[in-house]
Structure formats: C-alpha cells, structure tokens
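Following: one structure in structure tokens, then a few remarks.
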Amino acid sequence: MKKILVIHGPNLDLLGKREPEIYGKVTLAKINQELQKVARAKKVSLKIVQSNHEGEIVDLIGKSKDKFAALLINPAAYTHTSVAIRDAIAACGIPTVEVHLSNIYSREEFRHISLIAPVARGQISGFGINSYILGLLAAISLLKE
Ligand code: DQA
C-alpha cells in the first residue's frame, strides 16, 4: 500500500479555537479523521504529523524520500517565510500538494506569496476542510503517474 505523508504546520493544532471567523470551527482531529476515511476508501496509508517547528518539518521531509510516495502539506505561516521547507521539498523530489483552509490570496498581502507553491505540483486554497480532502485526492492521483 502506498504511503502519503501529511504535514500540518504551526498553530494548526489550535484549529477549532483559533480565529474561527477565518478557519471555521473544524478541529485538526476532525480533519485527520476525514482524511483517514478517504485514505481507507482509496487504499492508501497516511502518516499525519503536526509540528510548530520549522526544523522538525525540514527533517521529516528530508527523511521521506524512500518512505512516502507523496506529500500533502499545509505549511501554515511557514508558507510565506520558509526557504528551508521549500528547499527540503525540492531536494526530496516527492510530488507535493500544498493546501490552505483559507484563501490566502484574499487575505493580507504578506499571505499572497507562497514560497512553497513553485516546488509543489499544485495548491488548493480557500475551501476549509475540503481543501484537505481535495488535496488528498490530488496527491492520490499523482501516485498513478
Ligand atoms: C493557512 C494560511 C496561512 O497564511 C496561515 O499562516 C495559517 C493557515 C491556512 O490554512 O489557511 O496558519 O495555511
């Protein structure tokens, strides 16, 4: 069974309580539960990690090359700042799908730039929990290439 690495970046552990007017009331546990349902139906396995630490995310991606067939990542605030995460994705060469709950292009200007998008196969932004579901389906479609 093919494995997909799912990474949730900083502060996503606070979903449900964090700025609900932007991110809604859905919790990370609920998102993970829904992702697992899709994974079971599509017969792929997921390793899901949330981290608030850039270096930890870089380490995880760096070690993922031979273990995972795709990466689904919401880099959260690191989307806009992390050359290190971008370089890790480029270095490992794993097909990557970037997701965001909110539409980053309709928010503050500093969120309009994603350092990750150029090294991802694609980006889904603005559909709440459905960004993750669509992102996982996109990642699964890449496994067939
Ligand atoms: C986010 C958008 C980012 O700009 C923000 O820093 C986040 C969450 C999203 O999912 O909408 O933490 O990635």
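For the record, in the sequence shown the residue sitting at position 36 is 36 according to my numbering, with numbers rising by one throughout. For each residue, glycine too, the CB sits at the ideal point set by N, CA and C. Bear in mind the structure is a predicted one, so any value in this text is a computation, not a measurement.
- Look at A77: its beta carbon is less than 7 Å from one of the heavy atoms in ligand 1.
- By the beta-carbon neighbour count (other beta carbons within 10 angstroms, threshold 16), S45 is exposed.
- For I48, the pairing in a beta bridge is given by DSSP as V6.
- In this structure, ligand 1 has a non-hydrogen atom nearer than 7 Å to the beta-carbon of I104.
- With a threshold of 7 Å, the Cβ atom of L28 does not count as near ligand 1, since no heavy atom of the ligand is closer than that.
- Taken through DSSP and simplified to helix, strand or coil, L12 comes out as helix.
- One thing to note: Y23 has its Cβ no nearer than 8 Å to the Cβ of L35.
- Note on geometry: alpha-carbon atoms of V38 and L143 lie some 15 Å from one another.
- If you draw a 10 Å sphere on the C-beta of H100, you find 16 or more other C-beta atoms in it, and that means buried.
- Looking from the CA of A91, the closest CA among S131, I116, I7 and R111 belongs to I116.
- The stretch 25-100 contains, as complete alpha helix (DSSP H) runs of 4+ residues, the segments 28-42, 54-62 and 83-92 (chain order).
- By the 16-neighbour rule on beta-carbons within 10 angstroms, I113 is exposed.
- Closer than 7 Å to some heavy atom of ligand 1: that does not describe the Cβ of H112.
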